[in-house]
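Enquirer: This is the structure I want to talk about, given as structure tokens.
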Amino acid sequence: MAPPTDDSTVVPMNQMSERAKNPRVLRLHADDNLVVSIDPILPGATAEGVTAVARVPKGHKMAIVDIAEGAPVLKFGQIIGFATAPIRVGEHIHSHNCGVHDFERDYKFAEAAVEEKILPVEQRRTFEGFKRASGRVGTRNYIGILTSVNCSASVARFMAEAVTRSGVLDDYPEIDGVVPFVHGTGCGMAGQGSEGFATLQRTEWGYAKHPNIGGALMVGLGCEVMQIPGLMEDHRIEESDLFRTMTIQATGGTRKTIERGVEMIREMLPKVAAVKRETVPVSELMVALQCGGSDGYSGITANPALGLATDLLVAQGGTGVLAETPEIYGAEHLLTRRAGTREIGEKLVERIKWWEDYTARNGGEMDNNPSPGNKAGGLTTILEKSLGAAAKGGTTTLRGVYLYGEPVTERGFVFMDSPGYDPASVTGQVASGCNLVVFTTGRGSAFGFKPSPSIKLATNSDTYNRQEEDMDINCGDILDGVSIEEKGRQIFEEIIAVASGKKTKSEEFGYGDNEFVPWQIGAVM
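Quick look at the structure:
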């Protein structure tokens, strides 16, 4: 396969700028046989004492020694792939000469687990949040309109639009809005006892009782597989002033359902608005750790900086939730070593094996995960992407592994099984209880979410400057000398500010009404 940038024309040195002659690169570990480019590398330029023989774009990799065909390619001191052809010193390393195959990993279950240093209560930071009757704390105060099936999606949207259009929310500034959580399933699926049904049920109930939801209305059609009475029975839910249900068929059609639904929401408004922000400990924060549109800088700048912020949060008694199982594939051995117990580590490996089987049954493979954008940004294999993605979880002990949308009950650093598809993954993290999202991006995701606000971190300054209106923090200045620790503390302070009510860039745009995407497992029938 030809290299993606097949331009080996040497530019005369007297035509190069000083930066072009000596481009900046990073060697991330002493064992690495490559460097990562900070600046574009032109053929003939010299970096780390190596003369480039091919063009290497920003964020991509250049060999600093000859690598034999079949030999491992090392980044972060870890295997990110194997040479599929001989790689010369100074050559661009990417998909044309580096691939993956299965190899043994030493899981060393719980060998690196250490007790966290949790700060005494009197030394912990606080934020301004919404205390709920359940004992949990919200960072936002929404009314949610949940749908049991796609057949009630339009009616839910019509209700939310009617309430917003009426102007009644102007009288309740304490309420962040009315959000319809609509999806594409709920029927034409296997029912009780199936994996897909249980996953959707967990997700629906996770939103109904979420601390960022002050009141919820669940709307169904009436004849769907995902029956509302069954959901309530399975999760021991009862109707209340702040949790109401209805179906289109029983209510008498579209117009009557919209009118009655709007009435129900109006009845909730005073009670939802009665809950005010108050000072609570940062230990009440559960942060979803996410990435999307990753690039070659993700594992060098934004992800480790978020990892440091996660460590700071854990020290405060808070919780960080890593997810996207296909995107830790190949780096799971680093997490199993940090597992609090062997059982926790084995549970993570069990989910990895489930995914290997799941992708094989559906004609895929785990290395299909890096997207075209990831590869254009310098990520070559899933192993490389996973090593960077896992850095978001910081360095503390892994305290739990959860199914998609399963309520997170442990504090500290935990993992939730999910796809790598960002909206589906965040939907599960929020269903599990995350009341805030931090999202790193290299290529430039414009992601936002409701009911949990999303803080976006740019991995490089080019993306930040190009999409400044979408980005909350620039981590690209780490490449210019800002320390990971300094940037991590900046992220931690932003988490506290946003949890207390500061709007993120995506909230200012109004993102979040269309990103509720429950993971659909199983046949559509």
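Each residue of the sequence shown is one higher than the one before, starting from 1 at the first, in full-length UniProt numbering. Heads up, the beta-carbon is just placed ideally off N, CA and C, and yes, glycines get one too.
What does DSSP give as the partner residues of Leu335 in its beta bridges?
Expert: Looking up residue 335 in the sequence shown gives position 335. In DSSP, Leu335 forms no bridge with anything.
Enquirer: Distance, Cα to Cα, Ala2 vs His96?
Expert: Residue numbering aside, residue 2 sits at position 2 when the sequence shown is read from its first letter. Residue numbering aside, residue 96 sits at position 96 when the sequence shown is read from its first letter. In this prediction, Ala2 has a pLDDT of 48, which is less than 50 and means its spatial position is unreliable; what the coordinates show is noted afterwards. Whole-angstrom Cα-Cα distance: 6 Å.
Enquirer: Just grab the DSSP bridge partners of Thr279 for me.
Expert: What you label residue 279 is simply residue 279 of the sequence shown in a count that begins at 1. Its beta-bridge partners are Glu128.
Enquirer: According to the Cβ coordinates, are Arg124 and Gln316 closer than 7 Å?
Expert: Residue mapping note: residue 124 aligns to position 124 of the sequence shown, counting from 1. Residue mapping note: residue 316 aligns to position 316 of the sequence shown, counting from 1. Result yes, Cβ atoms of Arg124 and Gln316 sit closer than 7 Å.
Enquirer: Span of the beta strand (DSSP E) holding Tyr107?
Expert: On the sequence shown, residue 107 is found 107 positions in, with the first residue counted as 1. Taken as a continuous stretch (DSSP letters only), Tyr107 belongs to no beta strand (DSSP E), as it is neither H nor E.
Enquirer: Tell me where the alpha helix (DSSP H) around Val155 begins and ends.
Expert: Counting from one through the sequence shown, the residue named residue 155 turns up at place 155. Run containing Val155: 153-166, per the alpha helix (DSSP H) assignment.
Enquirer: Helix, strand or coil: which one does DSSP assign to Arg27?
Expert: Taking the sequence shown and counting its residues from 1, one reaches residue 27 at position 27. DSSP places Arg27 in coil when its eight states are reduced to three.
Enquirer: With Ile38 and Met62 assumed to form a contact (beta carbons below 8 Å), what rounded beta-carbon distance in angstroms separates them?
Expert: Working through the sequence shown from its first residue, we reach residue 38 at position 38. Working through the sequence shown from its first residue, we reach residue 62 at position 62. About 11 Å; that fails the 8 Å criterion.
Enquirer: Kindly list the residues whose CB is nearer than 8 Å to the CB of Gln227, restricted to its own chain and excluding five residues on each side of it in sequence; keep chain order.
Expert: One-based indexing of the sequence shown puts residue 227 at position 227. Ser148, Gly220.
Enquirer: Quick one: Cα of His101 to Cα of Leu335, how far?
Expert: The residue labelled residue 101 in the question sits at position 101 within the sequence shown. The residue labelled residue 335 in the question sits at position 335 within the sequence shown. Roughly 20 Å between the two C-alpha positions.
Enquirer: For Ala346, which of Cys475, His210, Phe127, Glu332 has the nearest alpha-carbon?
Expert: For the purposes of this step, residue 346 is taken as the residue at position 346 of the sequence shown. Note on identity: in this sequence residue 346 is Glu, with Ala being the wrong assignment. Closest option to Glu346, Cα to Cα, is Glu332.
Enquirer: For Ala431, which option in Glu406, Ser454, Glu410, Lys450 has the closest C-alpha, if you only look at C-alpha atoms?
Expert: Here residue 431 refers to the residue found at position 431 of the sequence shown. Comparing Cα-Cα distances from Ala431 to each of Glu406, Ser454, Glu410, Lys450, the minimum goes to Glu406.
Enquirer: Am I right that Gly320 and Leu313 are in contact with their C-beta atoms under 8 Å? What's the rounded C-beta distance?
Expert: For the purposes of this step, residue 320 is identified with residue 320 of the sequence shown, where counting begins at 1. For the purposes of this step, residue 313 is identified with residue 313 of the sequence shown, where counting begins at 1. Indeed they touch by this definition, with Cβ atoms about 6 Å apart.
Enquirer: Is Pro180 near Ile145, with beta carbons less than 7 Å apart?
Expert: Position 180 of the sequence shown, counting from 1, holds the residue named residue 180. Position 145 of the sequence shown, counting from 1, holds the residue named residue 145. Yes, the pair counts as a contact, with Cβ atoms nearer than the cut-off.
Enquirer: Spell out the partners DSSP gives Gln290 in its beta bridges.
Expert: The count along the sequence shown starts at 1 and reaches residue 290 at position 290. For Gln290, which the question treats as bridged, DSSP gives the partners Phe439.
Enquirer: In chain order, what residues of the same chain have a beta carbon less than 7 Å from the beta carbon of Ala85, not counting five sequence neighbours either side?
Expert: In the sequence shown, counting from the first residue as 1, residue 85 sits at position 85. Correct list, in chain order: Glu69, Asn97.
Enquirer: Between the stretch 362-382 and the stretch 123-143, are three or more C-beta pairs nearer than 8 Å?
Expert: Counting Cβ pairs under 8 Å, fewer than three are found: no touch.
Enquirer: Among Arg236, Leu169, Pro211, which one has its Cα closest to the Cα of Gln201?
Expert: Stepping through the sequence shown from its first residue, residue 201 is reached at position 201. Per the Cα distances, Arg236.
Enquirer: When burial is assigned at 16 or more other CB atoms within 10 Å of the CB, is Trp519 buried or exposed?
Expert: Within the sequence shown, the letter at position 519 stands for residue 519. Answer is buried; the Cβ neighbour count reaches 16.
Enquirer: Return the CA-CA distance between Tyr511 and Glu48, expressed in angstroms with no decimal places.
Expert: As a position in the sequence shown, residue 511 is number 511, starting the count at 1. As a position in the sequence shown, residue 48 is number 48, starting the count at 1. Answer to the nearest angstrom: the Cα atoms are 44 Å apart.
Enquirer: Quick one: give me the first and last residue of the beta strand (DSSP E) that Met62 is part of.
Expert: Along the sequence shown, read from residue 1 onward, the residue named residue 62 stands at position 62. Run containing Met62: 61-63, per the beta strand (DSSP E) assignment.
Enquirer: Tell me the residue span of the beta strand (DSSP E) that contains Tyr464.
Expert: On the sequence shown, position 464 is the one that residue 464 refers to. Premise fails: Tyr464 lies in the alpha helix (DSSP H), 461-466, not in any beta strand (DSSP E).
Enquirer: Could you please give the first and the last residue of the uninterrupted alpha helix (DSSP H) stretch that includes Phe449?
Expert: As a position in the sequence shown, residue 449 is number 449, starting the count at 1. It is not in any alpha helix (DSSP H) - Phe449 carries neither H nor E in the DSSP assignment.
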